[in-house]
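Per UniProt numbering, the very first residue in the sequence shown carries number 1; after that it's consecutive.
Heads up, the beta-carbon is just placed ideally off N, CA and C, and yes, glycines get one too.
Quick caveat: nothing in here was measured; it's all calculated off a predicted structure.
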Amino acid sequence: MFGLSEFAIILIVVIALLAAKKLPGLARSAGKSARILKAEARAVREADEGRGDDRGTGAAGPGAQGDGPGPRVIRGETVARDTTGTGTGGVDDGTHRA
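Written as structure tokens, this is what we have:
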């Protein structure tokens, strides 16, 4: 039958056919929204710079050594891949039946 990608393509085509008159208005609206969002982000960035906060935005730059926290290190463990085909990560505990 149809998969998710086929249904998505069909839905896009149906929406394009039924809403063809409204598509230019929707595109204009999306463009206006993007411009507003960009302007707001710029205003917030300028407000942060004008406030003079000490989050590493000084003359030293972001790569300078300081009193701030170092790079974040994520530690984990390596898990062996299931090669037995039991679906239990290679551990056969006797509960899985084929």
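Please report how far the alpha carbon of Val73 lies from the alpha carbon of Asp48, in whole angstroms. Cα-Cα distance, rounded: 28 Å.
If we ignore side chains and look at the alpha-carbon of each, how far apart do Asp82 and Arg75 end up? CA-CA distance, Asp82 to Arg75, rounds to 22 Å.
Quick one: give me the first and last residue of the alpha helix (DSSP H) that Lys38 is part of. Taken as a continuous stretch (DSSP letters only), the alpha helix (DSSP H) holding Lys38 covers 23-51.
Quick one: grab the DSSP three-state call for Ala20. Collapsing the DSSP output to three states places Ala20 in coil.
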